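Following: one structure in C-alpha cells, then a few remarks.
There are 2 protein chains.
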Amino acid sequence: MKENGRKKATIYDLSLISGSSPSTVSAVLNGTWRKRRIKEATAEFIRDLAEKHQYTANRQAQGLRSSRSGLVGLLLPVHDNRYFSSMAQTFEAHVRGMGQCPIVVSASRDPQEERETAESLISYSIDELFICGATDPDGLHEVCEKAGLKHVNIDLPGTKAPSIISDNYEGGRMLTEAIIRQFPADRPLAPSDLYLFGGRNDHASRERIRGFREIKRELLGGDPDFCIETTGYSPNNTRMAFEAFYKREGRLPRAFFVNSSINFEGFLRFMAGHPHETFRDMVVGCYDYDPFASFLPFPVIMIRQDVEGMLTKAFEVMQHARTTPDIHLIRPELVAPRTALTGPLDALKDID
Amino acid sequence: MKENGRKKATIYDLSLISGSSPSTVSAVLNGTWRKRRIKEATAEFIRDLAEKHQYTANRQAQGLRSSRSGLVGLLLPVHDNRYFSSMAQTFEAHVRGMGQCPIVVSASRDPQEERETAESLISYSIDELFICGATDPDGLHEVCEKAGLKHVNIDLPGTKAPSIISDNYEGGRMLTEAIIRQFPADRPLAPSDLYLFGGRNDHASRERIRGFREIKRELLGGDPDFCIETTGYSPNNTRMAFEAFYKREGRLPRAFFVNSSINFEGFLRFMAGHPHETFRDMVVGCYDYDPFASFLPFPVIMIRQDVEGMLTKAFEVMQHARTTPDIHLIRPELVAPRTALTGPLDALKDID
DNA sequence: CTTTGTTGCACAATCGATGGTGCAAGAACT
DNA sequence: AGTTCTTGCACCATCGATTGTGCAACAAAG
Numbered sequence: 060m061k062e063n064g065r066k067k068a069t070i071y072d073l074s075l076i077s078g079s080s081p082s083t084v085s086a087v088l089n090g091t092w093r094k095r096r097i098k099e100a101t102a103e104f105i106r107d108l109a110e111k112h113q114y115t116a117n118r119q120a121q122g123l124r125s126s127r128s129g130l131v132g133l134l135l136p137v138h139d140n141r142y143f144s145s146m147a148q149t150f151e152a153h154v155r156g157m158g159q160c161p162i163v164v165s166a167s168r169d170p171q172e173e174r175e176t177a178e179s180l181i182s183y184s185i186d187e188l189f190i191c192g193a194t195d196p197d198g199l200h201e202v203c204e205k206a207g208l209k210h211v212n213i214d215l216p217g218t219k220a221p222s223i224i225s226d227n228y229e230g231g232r233m234l235t236e237a238i239i240r241q242f243p244a245d246r247p248l249a250p251s252d253l254y255l256f257g258g259r260n261d262h263a264s265r266e267r268i269r270g271f272r273e274i275k276r277e278l279l280g281g282d283p284d285f286c287i288e289t290t291g292y293s294p295n296n297t298r299m300a301f302e303a304f305y306k307r308e309g310r311l312p313r314a315f316f317v318n319s320s321i322n323f324e325g326f327l328r329f330m331a332g333h334p335h336e337t338f339r340d341m342v343v344g345c346y347d348y349d350p351f352a353s354f355l356p357f358p359v360i361m362i363r364q365d366v367e368g369m370l371t372k373a374f375e376v377m378q379h380a381r382t383t384p385d386i387h388l389i390r391p392e393l394v395a396p397r398t399a400l401t402g403p404l405d406a407l408k409d410i411d
Numbered sequence: 060m061k062e063n064g065r066k067k068a069t070i071y072d073l074s075l076i077s078g079s080s081p082s083t084v085s086a087v088l089n090g091t092w093r094k095r096r097i098k099e100a101t102a103e104f105i106r107d108l109a110e111k112h113q114y115t116a117n118r119q120a121q122g123l124r125s126s127r128s129g130l131v132g133l134l135l136p137v138h139d140n141r142y143f144s145s146m147a148q149t150f151e152a153h154v155r156g157m158g159q160c161p162i163v164v165s166a167s168r169d170p171q172e173e174r175e176t177a178e179s180l181i182s183y184s185i186d187e188l189f190i191c192g193a194t195d196p197d198g199l200h201e202v203c204e205k206a207g208l209k210h211v212n213i214d215l216p217g218t219k220a221p222s223i224i225s226d227n228y229e230g231g232r233m234l235t236e237a238i239i240r241q242f243p244a245d246r247p248l249a250p251s252d253l254y255l256f257g258g259r260n261d262h263a264s265r266e267r268i269r270g271f272r273e274i275k276r277e278l279l280g281g282d283p284d285f286c287i288e289t290t291g292y293s294p295n296n297t298r299m300a301f302e303a304f305y306k307r308e309g310r311l312p313r314a315f316f317v318n319s320s321i322n323f324e325g326f327l328r329f330m331a332g333h334p335h336e337t338f339r340d341m342v343v344g345c346y347d348y349d350p351f352a353s354f355l356p357f358p359v360i361m362i363r364q365d366v367e368g369m370l371t372k373a374f375e376v377m378q379h380a381r382t383t384p385d386i387h388l389i390r391p392e393l394v395a396p397r398t399a400l401t402g403p404l405d406a407l408k409d410i411d
C-alpha cells in the first residue's frame with residue numbers, strides 16, 4: 060500500500076510524516092524518549108507510524124554514531140566439529156537472547172589469521188569478542204586491547220584476559236580412570252598398555268596429559284614417557300601416528316586416550332585401512348563428545364565439555380567487565396559408551 | 060611510539076598528518092585514487108602513513124555512505140551438525156577469499172525466526188544472503204526482495220529465487236540401491252524389509268522418497284506405503300518412531316534409510332536403550348555424511364552432499380545476478396561403509 | 001503581574017567515509 | 001601573450017542515526 064517500494068524508511072521519513080523532528084523520532088524508537096520528556100501520545104503515534112512503515116533502524120548509522128554495533132563475535136578454530144559447532148549454536152542463542160547479533164568466525168588455529176580476523180571484526184566495531192580455542196590468546200589480547208574491545212578466552216587460557224576453560228586436569232583424570240576401570244581385574248591394564256595420542260603443546264593438552272600421567276601412576280603404578288604421542292591437531296598426522304605405531308608394534312595399544320574428536324577422526328582414517336578384527340578388545344577414551352563416536356564397535360568413553368556452562372560463565376565474566384586474567388575452570392562430564400546425549404538441537408520446534 | 064593510544068586512526072587523522080585532504084586520503088586508501096588523478100608519490104606517502112598508524116577503515120562509516128557493508132550472510136537451520144557446520148566452514152573460506160566478512164547465523168527451521176533473522180541481517184546492510192535449508196524460502200525471498208538484497212537458496216529450493224540443491228532424487232536412488240545391494244542374493248531383501256525414517260514434507264524429503272520408492276519397485280518389485288515414516292527433523296521424534304516400530308514388530312527392519320544425520324541421532328537414542336544384539340544383520344543408509352557414523356557396528360552407507368560444489372555454484376549464480384528461479388541440481392556422492400573422508404579440516408596448517 | 005519552573009520538543013553538531021564538483025597551477029598550443 | 005588542456009587536489013554535501021543544548025509555551029508561585 061504505502062510507498063515502501065525499495066528503500067527502507069528512515070527517521071527522516073517518519074519525521075516528515077509525523078511532523079515531529081528527527082531527534083524526537085529517534086528518541087522514541089530507541090527508547091530514550093522518557094529521558095527526553097516526550098509526551099506519551101507523541102511516542103505512541105510515532106511508534107505506530109514506524110510499525111506501519113516497517114521501520115527498522117540502520118545499524119550502520121547507529122553504530123557509526125554510538126560506536127556500538129550490536130554485533131558480538133565468537134572466534135573459533137574451526138566450525139566443522141561437534142564441539143565447536145555446538146559452541147556456535149549455544150553462543151548464538153545467548154547473544155540473540157540479549158537482543159544482539161552473533162557473528163561466528165573461524166581462524167584455523169593460525170595465530171596470524173586469528174589476529175587478522177579479529178582486526179576485521181574490530182573494523183565492524185563489534186561490541187564484545189569471545190575467543191575460543193585460540194592458539195595465541197595473548198596476541199589477540201593486544202589487538203583487542205588496542206581497540207578497547209572487551210574479550211574473554213574460552214577453552215584455551217590467556218595470561219592477560221579472563222579465561223573460562225574446561226577443567227582439563229580433572230577431565231584428563233576422569234577419562235583415564237574410566238578407561239582403566241573398563242578392564243576387568245583378571246586382565247588388568249599394564250602401564251605400557253595405555254597410550255595418549257593427539258594434542259599439541261597448548262595448555263589444554265598439557266593439563267590433560269598431566270591428569271593422564273598422574274592417574275596412571277596412581278592406579279597402574281607406572282607411566283612411561285613413550286606412551287604419549289602428541290601429534291598436533293590434524294587428522295592426517297594422527298592417522299600417521301597410528302600407522303607408525305601399528306607397523307612398529309604389529310598391533311594397536313589395548314587402550315588409548317585421544318585428545319580430541321579431530322584426532323579421533325585421524326584414527327577413523329586408520330580404521331578405514333584395517334579390518335574389523337584389528338579393533339577388538341580395545342578401549343578408547345576421547346576428550347570430546349560426538350554422539351556417533353559413542354556407538355563405535357568398541358567401547359568409547361568420552362568427555363563432554365560443558366559448553367552451556369562455559370558460555371554462561373563467559374557472558375557473566377564479560378558483563379562484570381573483569382579484566383583481571385582469572386581462570387575459571389568448568390568441570391566437564393564423563394560420558395559412558397553408547398550414550399546419546401541431547402544437545403542444542405533439541406531446542407528446535409519440530410513442526411511439519 | 061605514536062599516539063595510537065586507544066582510539067583508531069581515521070582518514071581525518073591521516074589527513075592532518077599528511078597535509079592532504081580527507082577525500083584524498085580516502086581515495087588513496089580505497090583504491091579509487093587513480094580515477095581521481097592523485098600523484099603516485101602522494102598515494103605512496105599516504106599509504107605509508109596509514110601503515111605506520113595501523114589505519115583500518117571504519118566499516119560502519121563506509122557502509123553507511125556506500126550502503127555496502129562487506130558482510131555476506133549464510134542462514135542455516137542449525138550449526139550443530141556435520142553437514143551444516145561444514146557448509147559454514149566452506150562458506151567462510153569462499154567469502155574470506157573474496158575479501159568480505161562472513162556472517163553465519165541459524166534460524167532453527169522456524170519460518171518466523173528465519174524472517175526475523177533475515178531482517179536483522181538486513182539492518183546491517185549485508186550485501187548478499189545465502190539461504191540454506193530454509194523452511195520458507197519464498198517468505199524469505201519477499202523480505203530480501205523488499206530490501207533489494209541479492210539471495211540464493213541452497214539445499215531447499217524456493218520458487219522465486221535461484222536454488223542450488225542436492226540432486227535428492229538421484230541421491231535417494233543411489234542410496235537405496237546401495238542398501239539393497241548390500242544384501243547377498245541368497246537372502247535378498249523383501250519390499251517390506253526396507254523402511255525410510257525421517258524428513259518432513261519438504262522438497263528434499265519428497266524427492267528422496269520418490270527415488271527410494273522407485274528403486275524399490277524396480278529392484279524389489281514392491282513398495283508398500285507403510286515403509287515410509289516421516290518423523291520430522293527432531294531426534295526425539297525419530298527415536299520414538301523407532302521405539303514404536305520395535306514395540307509393534309518385536310524387531311527392527313532389516314534395512315532402513317534415514318533422511319538425515321539428525322534423524323540418525325534419534326536412532327542412536329534408540330540404540331542406547333537396547334543391547335548390541337538388536338543391531339546385527341542390519342543395514343542403514345543415511346542421507347548425510349558423518350565420519351563417525353560411517354564406522355558404527357553395522358554397515359552404514361552414507362550420502363555426502365557436495366558442499367563445495369553447491370557453494371561454488373551458489374557464488375557463481377550470485378555473481379551473475381540471475382534472479383530467475385532456476386534450480387541447479389548438484390550430484391551427491393555415495394560413501395561406502397567404514398570410510399573416513401577428508402574435509403575442510405584438512406586445510407588447516409598444523410603447526411606445533 | 002512578574003518571576004521561576006516545568007513540559008515538550010526542535011536544532012544542529014557529530015560519527016568516518018565517499019564521490020560529485022570546482023578550481024588553481026602548470027603545460028601545450030596558437 | 002592569450003587561450004585551452006591537463007594535472008592534482010580541496011571542498012562540501014551526504015549516508016542515518018545520537019545527543020547536548022536552547023527555547024517556546026504554559027503553569028505555579030510570590
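Protein sequences, first through last, are from chains A and B. FYI, the numbering for the first sequence is 60 to 411, going by this note's numbering. FYI, the numbering for the second sequence is 60 to 411, going by this note's numbering. A virtual CB, placed ideally from N, CA and C, is assigned to each residue, including glycine. Being a predicted model, the structure only gives us computed values, none of them experimental.
Cβ distance (whole Å) where Pro161 of chain B is taken to contact Leu133 of chain B below 8 Å: 7 Å
Arg118 of chain B to Val343 of chain A span [Cα, whole Å]: 48 Å
Distance between beta carbons of Val87 of chain A and Arg106 of chain A, contact taken as under 8 Å: Contact annotation, Arg106 of chain A with Val87 of chain A: C-beta distance approximately 6 Å; criterion of less than 8 Å satisfied.
Contact set for Pro283 of chain A: own chain, Cβ-Cβ below 7 Å, skip 5 residues either direction: Around Pro283 of chain A: Pro250 and Ser251.
Closest Cα partner of Asp385 of chain A within the set A:Leu327, A:Gly270, A:Ser222 and A:Gln378: A:Ser222
C-alpha distance - Ser182 of chain B paired with Thr115 of chain A, whole-angstrom precision: A straight-line Cα-Cα distance of about 7 Å links Ser182 of chain B and Thr115 of chain A.
is_contact[Ser264 of chain A, chain B] using C-beta, thresh 8 Å: no
Ile268 of chain B in three-state terms, based on DSSP: helix
Thr401 of chain B classed as buried or exposed, judged by whether at least 16 other C-beta atoms fall within 10 angstroms: exposed
Chain A contact residues for Gln148 of chain B, given Cβ-Cβ distances below 8 Å: Val137, His138, Asp139 and Ser165
Test: Gly198 of chain B CB closer than 8 Å to a CB of chain A: no
Contact between the segment 322–342 of chain B and the segment 332–340 of chain A (3+ Cβ pairs under 8 Å): no
Under 9 Å by beta carbon: chain B residues contacting Lys111 of chain A: Residues of chain B passing the Cβ test: none, with the nearest at roughly 15 Å.
Which of helix, strand or coil DSSP assigns to Tyr71 of chain A: helix
Gln364 of chain A burial status per 10 Å Cβ neighbour count (16 or more: buried): With 16 or more other Cβ atoms within 10 Å, it is buried.
Sequence-distant residues of its chain with Cβ nearer than 6 Å to Glu288 of chain A (five each side left out): Phe256 and Ala300
Chain B contacts from the segment 66–82 of chain A (Cβ-Cβ distance under 9 Å): Lys66 and Lys67
Listed by chain order, chain A residues near Asp349 of chain B by CB distance under 7 Å: Phe351
Residue-chain proximity (Asn295 of chain A, chain B), Cβ-Cβ < 8 Å: Flagged as an interface residue toward chain B: Asn295 of chain A, by a C-beta distance shorter than 8 Å.
Distance CB(Thr194 of chain B)-CB(Glu173 of chain B) smaller than 8 Å: yes
Three CB pairs or more closer than 8 Å across the segment 353–368 of chain B and the segment 387–405 of chain B: The segment 353–368 of chain B vs the segment 387–405 of chain B: in contact.
Ser165 of chain B (DSSP reduced to helix, strand or coil): strand
Buried or exposed (CB count within 10 angstroms, at least 16 for buried), Gly258 of chain B: buried
Neighbour flag for Tyr183 of chain B against chain A, beta carbons, 8 Å: With 8 Å as the cut-off, Tyr183 of chain B counts as an interface residue toward chain A.
Chain A residues whose Cβ lies nearer than 9 Å to that of Gly192 of chain B: What Gly192 of chain B touches in chain A: nothing, since even the nearest Cβ is about 12 Å away.
Member of B:Ser126, B:Glu324, B:His153 and B:Ile360 whose CA lies at the smallest distance from the CA of Thr371 of chain B: Relative to Thr371 of chain B, the option among B:Ser126, B:Glu324, B:His153 and B:Ile360 whose CA is nearest is B:His153.
Cβ-Cβ distance between Gly291 of chain A and Arg232 of chain A below 8 Å: no
Residue range of the alpha helix (DSSP H) that includes Lys209 of chain A: First-last for Lys209 of chain A: Lys209 to Ile213, but that is the beta strand (DSSP E), not the alpha helix (DSSP H).
Chain B within 8 Å of Ile287 of chain A, Cβ atoms only: no
Rounded straight-line distance, which links the Cα of Pro403 of chain A to that of Ser167 of chain B: 10 Å
Sequence-distant residues of the same chain with beta carbon closer than 6 Å to Ile70 of chain A, five excluded per side: Pro81, Val84 and Ser85
Any chain A beta carbon closer than 8 Å to Arg174 of chain B: With a threshold of 8 Å between beta carbons, Arg174 of chain B makes no contact with chain A.
Residues sharing a beta bridge with Arg363 of chain A, DSSP: Note: Arg363 of chain A sits in a beta bridge opposite A:Glu392.
Pair within 8 Å by beta-carbon distance, Phe437 of chain B and Leu327 of chain A: Beyond the ends of chain B as shown, which are 60 and 411, falls residue 437 of chain B; an answer cannot be given.
Contacts around Asp347 of chain B, its chain only, beta-carbon distance under 6 Å, and the 5 residues preceding and following it disregarded: Tyr142, Ser319 and Ser320
Closer than 8 Å to chain A by CB, Val394 of chain B: no
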